[in-house]
Each structure stands twice: as structure tokens, then as C-alpha cells.
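Enquirer: First residue of the sequence shown? That's 1 in UniProt numbering, and the numbers climb one at a time after it.
Here it is, the structure in full.
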Amino acid sequence: MGLCSFLTFPLFLSLLWRLIIVNGNFPTTLEGPFKPVTVPFDNKTYHGNAIDLPDTDPQVQRTVQGFEPEQVSVSLSSDYDSVWISWITGDSQIGDDITPLDPESVYSVVQYGIEGSQMSYEEVGYSFVYNQLYPFEGLQNYTSGIIHHVRLTGLEPSTLYQYTCGDPYLSAMSDVFHFRTMPPSSPTNYPHRVAVVGDLGLTYNTSTTFSHLLSNHPDLLVLVGGISYADMYLTNGTGSDCYPCSFDESPIHETYQPRWDYWGRSKLESFIRSNLSTIDLRNLNASLLTELCIYESRFMQPLVANVPTVLVGGKHEIEPQAEDQIFVSYSSRFAFPSEESGSSSSVYHSFNAGGIHFVILNPYTYYDKSSDQYKWLEGDLYNVNRNVTPWLVAVWYPSWYSTFKAQYREAECMRVEMEDLLYEHGVDIVFNGHVHAYERSNRVYNYSLDPCGPVYITVGDGGSREDIAVTHADDPDECPEPSTTADLDIGSGFCGFNFTSGPAAGSFCWNRQPEYSAYRESSFGHGILEVKNETHALWSWHRNRDYYETAGDILYIVREPVRCLANQGN
């Protein structure tokens, strides 16, 4: 029996489940602020396998020949009518004597069309290689395969496309992949589901996270930094769960760039096929069933080649090298809507996904009020039309409002510079990673409960090799020494002073879970955002260790535009 036949019968259950979700009696932020909740950490509960996939694992091996494409991904442009297709051809090299490949030796071509029709459209893009170079004896240098980026334009909204990429003149084209464009921007159109997760790395936990995430059938994937974790390795391939603990004598923070290739080529199809019975059939509607049936005639393809993906640059993507270059691998391997959104940098930009305007920020480049990033953000927020894109979502890596001891208040200088601007423009939700746990705030502004402040959600729980965060800054005798909390990579000096008002006045930490922290838990998982209309969005967080249909945390985030935007001067 084929996969489609197997899945057709549960379609009725799917529709029933959707009805239950839409009409579910879930709490809303209008009922808040909520009393803080901490789920106790249970050492006896299995929390996954945070061990990196080794370079001998079949999932990460290069299986293509010659200039056949691999590491294919689709990224959003600034609006529904355009996407970027990216891939790599040729093999990378690492060692003392490396010779970069010639990008002119292969074309960058995408052939595409609406699903069910011929792939009669063709676009040509550009290609290049990047190097990761270290001016120190004994460190190995790296040169990538040939990286290709092609932008498709003039696309129809909410439409399923099929495409193949490569060089047709060398008979080196990829398998056929699919993507669905975003709906047009309006207060009534939204992507069905947006998956949000951070700090994935490439561990056995990562596979579990992805299998759960796939069961929720996202239309858009937002990866909140912590992607390959190549910076947890020396250039000779020696890794550690704590880089500064193990490699404190290294003259520079080294990285093992092949981990990026492993991450890009890792395939989930064998994992999914062997676990088909665990896919949540109730989450399949007719459209999704059709798309899944399309995949039946070939392998289940990697997620990022079929679901538009947004990658956020975090601390693990800095990767310093010769001539003080940073973010080279991250900025090279993926395409970003920087130019389309008026940004001069790949690490901060914006885009629309239906009636949601996303703003991607970065604390590891200049962000003070005189910086290019701040000035760009001012202009971008000023130009947002809330009658067209009612929802405003901001994303960056380190959290401002995490209450875990790990990374506690380390981005305080960024908060001091940018929080007022985000508040004045009525940002609704902020997603962060970095802290390897889950936490959701009440609406908050300047450490005070505020019904018009954003909801801050930390989702750095994707399953990376670093330890899960357990200890809270408000636990007895666990408040960190203020001088140790600033992250030198974020810069701008020290801003983490004691609180001057409220229950924690005169202290650097609260002596109990802060009132702005609504829910926190030390577990791996991912989140799903389902915007229902211009005022209501359903947020659900799903633990890896639970059944697929189970949400560990769920509520409606409700906007109050009349109340808040008027008060904030919009």
C-alpha cells in the first residue's frame, strides 16, 4: 500500500483535530499577567541524546558525484512573490594546501513551475566560494564547494511550486523539490504554521526535534541561531561540549568548517520513513496530504529544501578568521533578503510572511543609536503598515528576559539601546535562542509588566551538544556576579547594573521567579506560531519527549492595537 493510500483514511480525523484546535479553550494574554510557573527538572526523565553525529554517519556523507547539487535550501525574499534557491556543487577542502574551486566552471540555474505543470521557467543566478583562513601555524584552512544563489521572482502567492537546480549543460541537476509561497500581505492572510526553534546543532536530539517539527507541517521555518555548531571544534576535528574549557590555549576561536557541510547535507528521509507510524496523522489537512503524496514517488527530501527557511545569525555563527572577518560561512551558504529590505548586511534584515512583518536583528554587530543597524531598524519599523501587516515579530539570538543563569542579562547593552524603539512601534512577539531551555514571558517592557509590551519567547532548546540549561538566576546562591555576565562579542561595555525599582530593587537578580517570567522549563523541543487573524495568534510549544500531538505550553497571544498603538504614538 502506498503512502497516499495509507494516509487518506485519517483525513476525517485531521479535519476534526483542526476543528478542536481552532475552537480550543486556551488561555489568552488578555487574562495575564500569569502567575510565574517553573516546571521542576526531573533527572530521571530521559532528555534525549545530545551527542553530535560523527563524520562517519551515513546521513552526513557526500553522496553526489561531480557537480551534482547538494545542500539545497529555499529562503524567503522580502515578500511572497520571490524566493532564493541555494545549493553547493563540488567538494570542500581542508588542510594546509588548499586550492579553491573555480565558480566559472559550472552554471547556476533553477528550472521551476507550478506543481502539476511543466517546469518551463528558468532563472540564472551567481556562484562563488568562501575560505575560512587562520594566520596561525598548525591550524588548517578551509575552502568551500561552489555556492550558488538564484532568486526566483514573479511568483504567485500561496502556490505550490516544483523546482530543480544545477547545471543543465553538464547534466548535473538536482532531484525535484517543492516549496509553497507565502500568502499576500493583508490582515486576513497568514502562513498556516510557522515553526520556530534555535540551537539545533547536529545531534541525535536534532533528529528528534526535526521529526516532531515535521509532524506539525510548517509553511515557514525560523531557525533562531546556533545552526551547525562548527565552532565547538578545532580545525583538526577535535570537538568539545565546552570550547573555552577545553581549548583555552587556542590563538583564535577555531571552527571545523566541514560540520557546516554535514549540517547542510544531513538527510532525514531515512529517519522519517523508519518512523512513519509516529507521524501525527491528525495534523494532515487535504492540502498537506496532497503535498505529502507528491513526495511519495521519491525520498522524503531534507526539510530546508522544501520549506522556506529563515536563518538567524547567533554567537555560534560568528566564527572569526583572518583579517577580522566574521559570519563568513553563515553569510555565504544562505541567501538573505538584505538588499530587498534596504539592509546593507546579511545579519539584519526584514521580510513579510502574509500579514506578519518579521525583523531579524543581530547583537554581534554594531547596534547603538549611531549604528547602521539601528538606523536601518528605525526606517524599517517606520515603513511598516499595520493595516497591511498587523503582526510585528522581532527575532535575534540572545534573550533579554531569560531568567536562567546561563547567559543571564548578557545582552543588556542591546536592550538598553533598542528596547524603547521596539516598544514604541508595538512589536508583538520576540523570539530568542542561546539559552538551552524554553521560557515564555508575560508582556513586559523595561523589566516591568506592561500590557503593551512584547511577549518574549526563548526557544534555544533545539537539541545542541551543549548541556541543557537547568539553573535559574533566582535560585538560592545562584545569582551570577554582574561583572561576569557581559558577553564581549556583544560589545558596548557593561550595562548589567542592579535593578533600581520593583521587587528586586538594589539587586542584580530576583530572589524568586520574576513576575515577568510566565513559564519556564528545561526541556528540548520546538514552537509553532499559528496566526489566526489580525488580533489572535496561537502559540504552542512541543517537548521532544512527549507524543507528537501534545503541547507543553499553549496560549493565544492577543494584540490590542486600539489600546496599545495609540498609547505608543503610532
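Glycine included, each C-beta is placed from N, C-alpha and C at the ideal position.
Since the structure is predicted, the reported quantities are computational estimates derived from the model, not experimental observations.
Do you know whose CA, among P258, P363, E254, lies nearest residue 598's CA?
Expert: Since the first residue of the chain shown is 1 and the last is 570, residue 598 is not available in this structure.
Enquirer: Quick check: the Cα distance between E291 and P337, rounded to an integer number of angstroms?
Expert: Your numbering for residue 291 matches position 291 in the sequence shown. Your numbering for residue 337 matches position 337 in the sequence shown. Residue placement at E291 is flagged as unreliable, the pLDDT there being 39, under the threshold of 50; a coordinate-derived value is accordingly withheld.
Enquirer: Count the other C-beta atoms from every protein chain shown that fall within 10 angstroms of the C-beta of Q65, then say buried if there are 16 or more, exposed otherwise.
Expert: The sequence position of residue 65 within the sequence shown is 65, counting from 1. Classification of Q65: exposed, given that the 10 Å Cβ count is below 16.
Enquirer: Answer with buried or exposed for L30, where buried requires no fewer than 16 other C-beta atoms within 10 angstroms of its C-beta.
Expert: The residue labelled residue 30 in the question sits at position 30 within the sequence shown. Classification of L30: exposed, given that the 10 Å Cβ count is below 16.
Enquirer: Exposed or buried, which one is S350 when buried takes at least 16 other CB atoms within 10 Å?
Expert: Start at 1 with the first residue of the sequence shown, and residue 350 comes out as number 350. With 16 or more other Cβ atoms within 10 Å, it is buried.
Enquirer: Leaving out the 5 sequence neighbours to the left and right, which residues in its chain are closer than 6 Å to E560 when beta-carbon positions are compared?
Expert: Your numbering for residue 560 matches position 560 in the sequence shown. Cβ neighbours of E560 beyond the five flanking positions: none.
Enquirer: Within 10 angstroms of the Cβ of C242, are there 16 or more other Cβ atoms? Answer buried if so, exposed if not.
Expert: Residue numbering aside, residue 242 sits at position 242 when the sequence shown is read from its first letter. Classification for C242: exposed.
Enquirer: Below 8 Å, can you find three or more Cβ-Cβ pairs linking the segment 355-370 to the segment 306-318?
Expert: Enough Cβ pairs lie closer than 8 Å, so yes.
Enquirer: Mapping the DSSP letters down to three states, classify P157 as helix, strand or coil.
Expert: Position 157 of the sequence shown, counted from the start, is the residue given in the question as residue 157. DSSP places P157 in coil when its eight states are reduced to three.
Enquirer: According to DSSP, what are the bridge partners of M173?
Expert: Here residue 173 refers to the residue found at position 173 of the sequence shown. DSSP lists G166 as partners of M173.
Enquirer: To the nearest angstrom, how far is the alpha carbon of T535 from that of P187?
Expert: Working through the sequence shown from its first residue, we reach residue 535 at position 535. Working through the sequence shown from its first residue, we reach residue 187 at position 187. One C-alpha to the other measures close to 9 Å.
Enquirer: Taking Q513 as the reference, give the member of N383, N25, V39, Y374 with the closest Cα.
Expert: Taking the sequence shown and counting its residues from 1, one reaches residue 513 at position 513. Per the Cα distances, V39.
Enquirer: By the DSSP assignment, the alpha helix (DSSP H) with H212 in it spans what residues?
Expert: As a first step, residue 212 is located in the sequence shown; it is residue number 212 there, counting from the start. Run containing H212: 204-215, per the alpha helix (DSSP H) assignment.
Enquirer: Grouping DSSP H, G and I as helix and E and B as strand, with all else coil, what is residue 605?
Expert: Not covered by the structure: residue 605. The range shown for the chain is 1 to 570.
Enquirer: Using a threshold of 8 Å, state whether the C-beta atoms of Y121 and Y112 are closer than that.
Expert: Counting from one through the sequence shown, the residue named residue 121 turns up at place 121. Counting from one through the sequence shown, the residue named residue 112 turns up at place 112. The answer is yes: Cβ separation under 8 Å.
Enquirer: Cα separation between E549 and A394?
Expert: The count along the sequence shown starts at 1 and reaches residue 549 at position 549. The count along the sequence shown starts at 1 and reaches residue 394 at position 394. If you take the alpha carbons of E549 and A394, they lie about 27 Å apart.
Enquirer: Can you give me the Cβ contacts of L200 inside the same chain, cut-off strictly under 7 Å, excluding the 5 residues immediately before and after it?
Expert: Within the sequence shown, the letter at position 200 stands for residue 200. Excluding positions up to five away in sequence, the list reads T206, T209, L223, G226, I227, G462, G463, S464.
Enquirer: Based on Cα-Cα distance, which residue from E68, G527, P480 lies nearest to Y169?
Expert: In the sequence shown, counting from the first residue as 1, residue 169 sits at position 169. Minimum Cα distance to Y169 is reached at E68.
Enquirer: Just verifying my parser: in three-state terms, what is the DSSP assignment at E534?
Expert: The sequence position of residue 534 within the sequence shown is 534, counting from 1. E534 falls in the coil class under three-state DSSP.
Enquirer: So, at 7 Å on beta carbons, what are the nonlocal neighbours of P135 in its own chain, with the 5 sequence-adjacent residues on each side left out?
Expert: Along the sequence shown, one-based indexing puts residue 135 at 135. So the list reads A322, once near-sequence residues are dropped.
Enquirer: Grouping DSSP H, G and I as helix and E and B as strand, with all else coil, what is P514?
Expert: If you number the sequence shown from 1, residue 514 lands on position 514. Coil, per DSSP.
Enquirer: Could you tell me the alpha carbon to alpha carbon distance between A406 and T143, rounded to whole angstroms?
Expert: Numbered from 1 along the sequence shown, position 406 holds the residue referred to as residue 406. Numbered from 1 along the sequence shown, position 143 holds the residue referred to as residue 143. In a straight line, the C-alpha of A406 is about 34 Å away from that of T143.
Enquirer: From what residue to what residue does the alpha helix (DSSP H) around N432 run?
Expert: The residue you call residue 432 lines up with position 432 of the sequence shown. Not the alpha helix (DSSP H): N432 falls in the beta strand (DSSP E), residues 429-433.
Enquirer: Helix or strand or just coil, what does DSSP make of R415?
Expert: Locating residue 415 in the sequence shown gives position 415, counting from the first residue. Three-state result, R415: helix.
Enquirer: T458 and S399 - do their beta-carbons sit closer together than 8 Å?
Expert: The count along the sequence shown starts at 1 and reaches residue 399 at position 399. The count along the sequence shown starts at 1 and reaches residue 458 at position 458. Yes, they are a contact pair.
Enquirer: Bridge partners of L221, per DSSP?
Expert: Residue numbering aside, residue 221 sits at position 221 when the sequence shown is read from its first letter. DSSP lists A195, T309 as partners of L221.
Enquirer: Give the secondary structure of P244 by DSSP, where H, G and I count as helix, E and B as strand, and everything else as coil.
Expert: For the purposes of this step, residue 244 is taken as residue 244 along the sequence shown, with counting starting at 1. Helix.
Enquirer: S344 to D79, Cα distance in whole Å?
Expert: Taking the sequence shown and counting its residues from 1, the one referred to as residue 344 is at position 344. Taking the sequence shown and counting its residues from 1, the one referred to as residue 79 is at position 79. Taking the straight line joining both Cα atoms gives about 18 Å.
Enquirer: Can you tell me whether A505 is buried or exposed? The criterion is at least 16 other CB atoms within 10 Å of its CB, across all chains shown.
Expert: In the sequence shown, counting from the first residue as 1, residue 505 sits at position 505. Burial call: exposed.
Enquirer: Thinking C-beta only, is S402 closer than 8 Å to E378?
Expert: Your numbering for residue 378 matches position 378 in the sequence shown. Your numbering for residue 402 matches position 402 in the sequence shown. No. Outside cutoff.
Enquirer: Could you check if L488 is buried or exposed, using at least 16 other CB atoms within 10 Å of its CB as the buried criterion?
Expert: Here residue 488 is taken as the residue at index 488 of the sequence shown, counted from 1. So L488 ends up on the exposed side.
Enquirer: Rounded to whole angstroms, what is the Cα-Cα separation between V416 and C495?
Expert: Indexing the sequence shown from 1 puts residue 416 at position 416. Indexing the sequence shown from 1 puts residue 495 at position 495. Each residue's alpha carbon lies about 8 Å from the other.
Enquirer: Can you list, in chain order, the residues of its chain with a C-beta nearer than 7 Å to that of L152? Leave out the 5 residues immediately preceding and following it.
Expert: As a working note, residue 152 is residue 152 in the sequence shown. Answer for L152: S82, V83, I85, V110, Y112, E123, listed in chain order.
Enquirer: What is the DSSP secondary structure of G264, counted as helix, strand or coil?
Expert: Along the sequence shown, read from residue 1 onward, the residue named residue 264 stands at position 264. It is helical.
Enquirer: At the level of alpha carbons, what is the spacing between I554 and Y190?
Expert: By 1-based counting over the sequence shown, the position of residue 554 is 554. By 1-based counting over the sequence shown, the position of residue 190 is 190. Their Cα atoms are separated by approximately 19 Å.
Enquirer: May I ask you to report which of helix, strand or coil DSSP gives A230?
Expert: As a working mapping, residue 230 is identified with position 230 in the sequence shown. Note: A230 maps to helix in three-state DSSP.
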